[in-house]
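Residue numbers (our numbering): 3 to 516.
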Amino acid sequence: MIRFAATAVTVAVTLSLTGCGAAVDRAGNEPDPHVVTITAVTNLNPFEMEPFVDAVLRLSHGTLKLRLKNQWHVNDVGGEADEIRYVRTRHVTLAFVPARAWSGIGVHSFDALLAPMTVDSYALERQVLAGDLPSKMLASVSPLGLTGLGILPGPMRKPVGISRTLLGPDDYRGATIGISKSVVAARFFSALGARSEPSPFFGSPINGFDGIEQQVDSISGNRYDRVAHVITGNVSLWPRPITVVANTKMFARLPSAQQDVLRRAARMSLDESLLHQETDEHNSTGILCRRGAIRFATASDAQVSALREAAKPVLAWLSQDRATTDYLARIEQMRADVAISADAEEVPSCDGIAPDLPAHAAAAGKPGPLDGTWTMSETAADVQAAGAPKGDLSDAPENSGDWVFVVDRERFAFTQRNGPACTWAYGTWVVSGDQVEWRVIDGGGIAPTNATNKPGELFDYHWSLYRDTLQLSKVDGAVSPENFFGNPWRRVSAKPEPDRFFSRCGLPSVGVPH
């Protein structure tokens, strides 16, 4: 799915309105007294919650909205446990908590979802979350003064090699593996003879590890391919599902109809959430392959079998909990039901994706119909009117404002400014009929929420030119971020005029078409 300028690593956005009480919105209007707005917290990126948030809005016919405090305590390895404390102490009504956090505070009902080499496909994850297991697992949070509302699917975590390639058990022996804090993950890597060390990730350094467990999207968005060198594409260690819980006393204050909406939203948004995860993995794979700094390796059948064998002592340990024993058995029964769908899933790979040319090799090109210097100004509301979800990264200062684009002989560069933000990117630009393809070679600048373009990103647009007014639009099935066409572009010169770029952004000279 489209993440505008990039899949952001650190963002601070509001998905809707304010607090639980009445307040004045950004336009100075009084809020609708019939609309209830609930505050929720998560330490994750907001895009993963979008399908749930949209389902709440849709099911409630606009009478119930969520305000999300995202990336909360994101640089703290204990931030996920803090989320649980935060919602328990009634600071917020809802929390979106990664399932791995519960075992660390003594709640083991979600451990089966994280069991190593168990839920190892999106098809199986869907089957598990579409049944009755989530409601059974969520009942365990009641003694904490919480009400479980649902479980959202998460991305598949892959072995990522830094000092070594992580294929079979032998490759882990003696290694230090960076993990998101998880009792189950730590136990598995210990069984493999490795030492695990918690990391907050989200851009935190990974240089001190021999490997990490992360999803493909994280490697791309955090630029971890500058350190890591190989991802084992056909091994899914476990998913990273998200539990949705509410403070029971605050939840009880809601009308029964709105309580029902919140209980139904996770199930109603399941398919869309999974589509988000699979599409992000696919797009991030392409980005990484085009950068050319990392490769995808394939573990042999024998190596995968050996990893499953190494997981058995961990499964036996998890099975000391009677409920977990039942959950694991149920999951194994489901595996046969989805075997065909699971086998058909795309395995991350660079097959058929060539690395992009380096900046110096992309200099030559031929003149095109869109060559020249262009400007465009837009607000976040303009970006949302173009089709971006309200409150997604369209609210980030990097994704609207004033733009200067220079296009010249199949190269492009731009600078963007909006309040504290001043960003840049450059790359190649190829027109074919009524479509134009951008390939980002590099991006950066002053980015308060880190929503800059990343090397390897590929965007496609339809274009329509009338005199010196250019209108871009989405290409079905492609990545076409709306922030680049919140308003039409205006050609201010038929020649490249790099002097018009915003100097504060720091666009390097290598990226400036002349």
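Where a beta carbon is used, it is the ideal one built from N, C-alpha and C, also for glycine.
DSSP state of residue i mapped onto helix, strand, coil
| i | result |
| --- | --- |
| T250 | helix |
| S220 | helix |
| G81 | helix |
| D339 | helix |
| P241 | strand |
| G513 | helix |
| V232 | strand |
| E274 | helix |
| I86 | helix |
| E522 | Residue 522 falls outside the range modelled here, since the chain spans only 3 to 516, and no answer is possible. |
| R332 | helix |
| D27 | In this prediction, D27 has a pLDDT of 39, which is less than 50 and means its spatial position is unreliable; nothing more can be read from the coordinates. |
| R92 | coil |
| R159 | strand |
CA-to-CA distance, residue j to residue i, given in whole angstroms
| i | j | result |
| --- | --- | --- |
| H75 | R87 | 13 angstroms |
| V514 | N485 | 21 angstroms |
| N489 | S206 | 36 angstroms |
| V37 | L140 | 28 angstroms |
| L474 | C352 | 29 angstroms |
| E400 | S238 | 34 angstroms |
| V433 | L372 | 8 angstroms |
| P369 | A496 | 11 angstroms |
| R242 | W376 | 43 angstroms |
| A177 | S165 | 9 angstroms |
| V477 | D212 | 40 angstroms |
| R269 | L46 | 20 angstroms |
| P483 | L460 | 10 angstroms |
| C22 | P391 | Annotation note: pLDDT 34 at C22 (below 50); position unreliable, coordinate value reported separately. Approximately 22 angstroms between the Cα atoms of the pair. |
| I289 | S144 | 42 angstroms |
| F503 | L467 | 23 angstroms |
| L68 | A388 | 22 angstroms |
| T471 | R493 | 6 angstroms |
| F416 | S184 | 42 angstroms |
| D404 | T65 | 35 angstroms |
| W319 | G108 | 15 angstroms |
| S130 | H278 | Note that residue 130 corresponds to Val in the displayed sequence, not to Ser. If I take the Cα positions, the gap works out to 18 angstroms. |
| E348 | V121 | 16 angstroms |
Same chain, Cβ closer than 6 angstroms to residue i, five either side skipped, listed in chain order
| i | result |
| --- | --- |
| I233 | K160, V162, F298 |
| A103 | E82, A83 |
| D394 | In this prediction, D394 has a pLDDT of 48, which is less than 50 and means its spatial position is unreliable; nothing more can be read from the coordinates. |
| P315 | A193 |
| C291 | C352, I355 |
| N77 | P202 |
| R189 | V316 |
| V218 | E283, S286, T287, P350 |
| A196 | Y174, A177, I179 |
Continuous beta strand (DSSP E) stretch holding residue i: start and end
| i | result |
| --- | --- |
| P200 | 197–200 |
| P100 | 96–100 |
| S379 | 374–380 |
| S351 | That residue, S351, is in no beta strand (DSSP E); it is neither H nor E in DSSP. |
| A42 | 38–44 |
| M51 | No beta strand (DSSP E) contains M51, which DSSP labels as neither H nor E. |
| F191 | Here F191 belongs to no beta strand (DSSP E); instead the alpha helix (DSSP H) covers 185–193. |
| D410 | 403–410 |
| T178 | 178–181 |
| S495 | 491–495 |
| R166 | No beta strand (DSSP E) contains R166, which DSSP labels as neither H nor E. |
Cutoff 7 angstroms; reference residue i; Cβ partners in own chain excluding five residues on either side
| i | result |
| --- | --- |
| A356 | none |
| T149 | V247, A248, T250, F253 |
| G367 | R411, E412, R413 |
| D228 | First, the amino acid is wrong: residue 228 is Arg here, not Asp. Cβ neighbours of R228 beyond the five flanking positions: A295. |
| F447 | First, the residue type needs correcting, since residue 447 is Gly and not Phe in the sequence shown. C424, T425, W426, T454, C507, G508, listed in sequence order. |
| P136 | G152, I153 |
| D173 | R166, T167 |
| M51 | T44, L70, F98 |
CB contact below 8 angstroms: residue i versus chain D
| i | result |
| --- | --- |
| C291 | This model lacks chain D altogether, as it is built from one protein chain only. |
Close-in-space but distant-in-sequence residues of the same chain around residue i (CB under 8 angstroms, 5 per side omitted)
| i | result |
| --- | --- |
| S402 | E380, T381, A382, D384, V385, S396, N420, N485, G488 |
Where the alpha helix (DSSP H) through residue i begins and ends
| i | result |
| --- | --- |
| L70 | It is not in any alpha helix (DSSP H) - L70 instead sits in the beta strand (DSSP E) that spans 66–71. |
| S258 | 258–270 |
**Message:** My parser needs the alpha helix (DSSP H) runs of 4 or more residues fully inside the segment 277–327; what are they?
**Reply:** List check, alpha helix (DSSP H) in window: 303–320.
**Request:** Jot down the residue ranges of each uninterrupted beta strand (DSSP E) in the segment 413–485, minimum 3 residues, whole runs only, in chain order.
**Result:** Here the runs fully enclosed are 413–420, 423–434, 437–448, 460–468, 471–476.
**Prompt:** Enumerated in chain order, which unbroken segments of the alpha helix (DSSP H) with a length of 4 residues or greater are wholly contained in the segment 100–151?
**Reply:** Qualifying alpha helix (DSSP H) stretches, in chain order: 113–116, 124–132, 135–140.
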